[in-house]
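J.: Okay, handing you the structure first.
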Amino acid sequence: MKHIVVLLSFLVFFSCEDKKDILPEQPETPFVWQAANIYFLLTDRFNNGDASNDINFERNAETGKLRGFKGGDIKGITQKIKDGYFTNLGINAIWMTPIVEQIHGGTDEGTGLSYGFHGYWASDWTALDPNFGTNQDLHQLVETAHKHGIRILLDAVINHTGPVTEKDPIWPSNWVRTQPQCDYQSYQNTITCTLVKNLPDIKTESDEAVKLPPHLVTKWQAEGRYEKEVAELDAFFKRTNYPRAPRFYIMKWLTDYITEFGIDGYRVDTVKHVEEQVWQEFKQECDFAFAEYKKNNPDKVLDNNDFYLLGEVYNYGISATKGFDFGDKKVNYFDNAFNALINFEMKWNAAQMSTEAHFKKYSQVLNSELKGYSILNYLSSHDDSQPFDAVREKPFETARRLLLCPGASQVYYGDESARSLVIEGTVGDATLRSLMNWEDVQNNPKTQSILKHWQKLGQFRANHPAIGAGIHQMITETPYVFYRSFSKSNYKDLVVVGLNLPHGEKVVDVSKLFKNGEILHDAYSGVSNIVAQGKITINSKFNMVLLEKQ
Numbered sequence: 213m214k215h216i217v218v219l220l221s222f223l224v225f226f227s228c229e230d231k232k233d234i235l236p237e238q239p240e241t242p243f244v245w246q247a248a249n250i251y252f253l254l255t256d257r258f259n260n261g262d263a264s265n266d267i268n269f270e271r272n273a274e275t276g277k278l279r280g281f282k283g284g285d286i287k288g289i290t291q292k293i294k295d296g297y298f299t300n301l302g303i304n305a306i307w308m309t310p311i312v313e314q315i316h317g318g319t320d321e322g323t324g325l326s327y328g329f330h331g332y333w334a335s336d337w338t339a340l341d342p343n344f345g346t347n348q349d350l351h352q353l354v355e356t357a358h359k360h361g362i363r364i365l366l367d368a369v370i371n372h373t374g375p376v377t378e379k380d381p382i383w384p385s386n387w388v389r390t391q392p393q394c395d396y397q398s399y400q401n402t403i404t405c406t407l408v409k410n411l412p413d414i415k416t417e418s419d420e421a422v423k424l425p426p427h428l429v430t431k432w433q434a435e436g437r438y439e440k441e442v443a444e445l446d447a448f449f450k451r452t453n454y455p456r457a458p459r460f461y462i463m464k465w466l467t468d469y470i471t472e473f474g475i476d477g478y479r480v481d482t483v484k485h486v487e488e489q490v491w492q493e494f495k496q497e498c499d500f501a502f503a504e505y506k507k508n509n510p511d512k513v514l515d516n517n518d519f520y521l522l523g524e525v526y527n528y529g530i531s532a533t534k535g536f537d538f539g540d541k542k543v544n545y546f547d548n549a550f551n552a553l554i555n556f557e558m559k560w561n562a563a564q565m566s567t568e569a570h571f572k573k574y575s576q577v578l579n580s581e582l583k584g585y586s587i588l589n590y591l592s593s594h595d596d597s598q599p600f601d602a603v604r605e606k607p608f609e610t611a612r613r614l615l616l617c618p619g620a621s622q623v624y625y626g627d628e629s630a631r632s633l634v635i636e637g638t639v640g641d642a643t644l645r646s647l648m649n650w651e652d653v654q655n656n657p658k659t660q661s662i663l664k665h666w667q668k669l670g671q672f673r674a675n676h677p678a679i680g681a682g683i684h685q686m687i688t689e690t691p692y693v694f695y696r697s698f699s700k701s702n703y704k705d706l707v708v709v710g711l712n713l714p715h716g717e718k719v720v721d722v723s724k725l726f727k728n729g730e731i732l733h734d735a736y737s738g739v740s741n742i743v744a745q746g747k748i749t750i751n752s753k754f755n756m757v758l759l760e761k762q
């Protein structure tokens, strides 16, 4: 009996010891929209995955330089997801320019004949433009992206149709207005007007019931889907009890992409040119559609995040916090509508403020007036004629300022490969919209070095929501070292970043954040070391560190 007691004691002892060695499992890193790393691309200019769809509707007239379709499509994006291009960049969401069917003709706005390659000249919201691909292509894109942990944002336009051309009739007068042209001097003269001369403005303020435009009826009948489309519209208006006003037709058509394809969000175009309550209505319908998709596709649900709405309020900046100023009226586009707005102020802050002043300001605003919301920072874009670095002389600095800044980040296609934004022979925004420079990515050592830098910073950002959504605190001004901290439920994230450090051996004081004996890993160099006497020593050839607990 004595031997049995001893044996049991022995087993209990080692069983307890085993339990002591089992560390609590670290919660999985959550995806947080406030910290997202979003890749923005022009579908037509990124990658041609299917040359057979390059020309449709006889869009083959000579255009101004870079103002026609160039072949990029949905399949090309899917191909790059499969190749790991976005994962290697630390991208966790992709925003694509609109892919709905565009006007068939071209128009000259004073910059040479242009086709709707950019996607903002809608002809039929219910169909994909064959230049971009098919419904099957979009299903595959979303499915592939989700398998790689990447969300998909489509681009929503409710403000206007495409221009009128010989091939594209004007919509009925109870749908659109063609004058006056906006002068942007007041709230009213920014909303109830056309953006440019030949861009019919949807009467989004109207509650008047309207019939389908005749050209859509004819088109759908020819395609054999008229009855189906009408039945769906009838069901939508019966469920919502909305009047059959223009804006609600378009909301129905746009939210169909949520219920059918399972997209994760919309970037919304020309927000300030539409009455603010329209966006609250749109949010309600998007939320309903997303809930329906999740209910009907439980095996495809990525997480418990809500549908994401990102607004383009042209010239909005973080300094305005929630109140965009029209001069005679301020409007709050955040509450009950948008999760985030694009931050047009970022490029000026990056150029004019010290890094610490810049980061501190953003952290303070995002954790006070904008708490619960976010901004999307960018340093170059498809329609901003004054990017931070047009000639790409500062690609390394651009990456540091953008990817380490509080808020969500927008990587515009080619930021990571120094695609030039100055193209000889172009007029207007065409210079910003050249083909992605894949040849440089594959063959140019300088480009590959730049890309590697963006990949390291991007992956660090994706792995640590503290970067975009955390609280910023400087540790030392010289050398410049800061930390970011973030917590959500039982998940906690803490990182330390050092910039402009010496090459070779770098010693960073982390005594207030990490204990002696803890191992820290520098995600930039790949070097790890143990915290000793409150400090971490990293010996690498680089002048920066991205420190995370190993």
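When we follow the working numbering, the leftmost residue of the sequence shown carries the number 213, and every step to the right adds one.
Quick reminder that beta carbons are idealized off the backbone N, C-alpha and C, glycines included.
All of these numbers come straight from a predicted model, not from anything done at the bench.
(1) What residues in its chain sit with their C-beta under 6 angstroms from that of PHE754, if we drop five residues either side in the sequence?
(2) At which residue ranges does the region 463-551 contain complete beta strand (DSSP E) runs of 3 or more residues, listed in the order of the chain?
(3) Whose C-alpha, out of ASP476, LEU647, PRO310 and HIS427, is nearest the C-alpha of GLY283?
(4) Do you know whose CA, among SER385, GLU487 and GLU524, lies nearest THR404's CA?
(5) Below 8 angstroms, how does it come out for the region 630-638 and the region 266-279: are there three or more Cβ pairs, yes or no?
(6) Taking the continuous alpha helix (DSSP H) assigned at ASN655, which residues delimit it?
(7) Could you tell me the boundaries of the beta strand (DSSP E) in which GLY322 lies?
(8) Using DSSP with H/G/I as helix, E/B as strand and the rest coil, what is TRP245?
(9) With a threshold of 8 angstroms on Cβ separation, who are the neighbours of ASN555 within its own chain once the five nearest residues in sequence on each side are excluded?
(10) Taking the alpha carbon of GLU441 as the point to measure from, which residue in HIS485, LEU428 and THR452 has its own alpha carbon closest?
(11) Suppose the cutoff is 6 angstroms on Cβ atoms and the five residues either side in sequence are ignored; what does the same chain contact list for TYR438 look like?
(12) For ALA744, which residues from the same chain have a beta carbon less than 7 angstroms from its beta carbon, with the 5 sequence-adjacent residues on both sides left out?
(13) Assign SER227 to buried or exposed, taking buried as 16 or more other Cβ atoms, counted over all protein chains shown, within 10 Å of its Cβ.
(14) For GLN393 and ASP595, I'd like the C-alpha separation in whole angstroms.
(15) Pull the bridge partners of ALA434 from the DSSP assignment, please.
(16) For THR533 and VAL577, which I take to be in contact (beta-carbon distance under 8 angstroms), what is that distance rounded to the nearest angstrom?
(17) Taking GLU557 as the reference, give the member of TYR574, VAL543 and LYS542 with the closest Cα.
(18) Is the region 285-300 close to the region 342-354, with three or more CB pairs under 8 angstroms?
(19) Determine whether the beta carbon atoms of CYS498 and THR467 lie at a separation below 9 angstroms.
(20) Taking PHE698 as part of the beta strand (DSSP E), name the residues at either end of that continuous run.
(21) Tell me whether the beta-carbon of ALA678 lies closer than 9 angstroms to the beta-carbon of ALA247.
(22) Within a Cβ cutoff of 8 angstroms, which residues of the same chain sit near LYS507, ignoring the five residues on either side of it in sequence?
(23) With DSSP run on the structure shown, which of helix, strand or coil describes ASP256?
(24) Using only the alpha-carbon positions, how far apart do ASP721 and LEU365 sit?
(25) How long is the line joining the alpha carbons of PRO458 and SER385, rounded to whole angstroms?
(26) For the 8 angstroms Cβ check, are there 3 or more pairs between the region 261-277 and the region 314-324?
(27) For GLU568, tell me which candidate among CYS617, LEU522, ASN579 and VAL543 has the shortest Cα-Cα distance.
(28) Would you check if the distance between the CB atom of TYR332 and the CB atom of THR309 is smaller than 9 angstroms?
(29) So what does DSSP say about PHE226, is it helix, strand or coil?
(30) From ALA334 to ASP266, what does the alpha carbon distance come to, in whole angstroms?
(31) Does DSSP put TYR703 in a helix, a strand or coil?
(32) Are there 16 or more other CB atoms within 10 angstroms of the CB of ALA339, so buried, or fewer, so exposed?
(33) With DSSP collapsed to three states, give me the class of ASP233.
T.: Reading off the structure:
(1) TYR736 and SER737
(2) 477-480 and 520-523
(3) LEU647
(4) GLU487
(5) yes
(6) 650-655
(7) Note, GLY322: premise wrong, no beta strand (DSSP E); not H, not E.
(8) helix
(9) TYR528, GLY529, ILE530, ILE587, LEU588, ASN589, TYR590 and GLY619
(10) LEU428
(11) TRP432
(12) ASN728
(13) Unreliable placement is indicated for SER227, whose pLDDT of 40 sits below 50; the coordinate value is still reported in the next sentence. Exposed.
(14) 20 angstroms
(15) Its beta-bridge partners do not exist; DSSP assigns none.
(16) 6 angstroms
(17) TYR574
(18) yes
(19) yes
(20) 692-700
(21) yes
(22) none
(23) helix
(24) 41 angstroms
(25) 11 angstroms
(26) yes
(27) CYS617
(28) yes
(29) In this prediction, PHE226 scores a pLDDT of 38, lower than 50, which makes its location untrustworthy; the coordinate-derived value is nonetheless stated afterwards. Residue state, collapsed to three classes: helix.
(30) 18 angstroms
(31) strand
(32) buried
(33) Below a pLDDT of 50, predicted positions are generally treated as unreliable, and ASP233, at 42, falls in that range; the measurement from the model is reported next regardless. Residue state, collapsed to three classes: helix.
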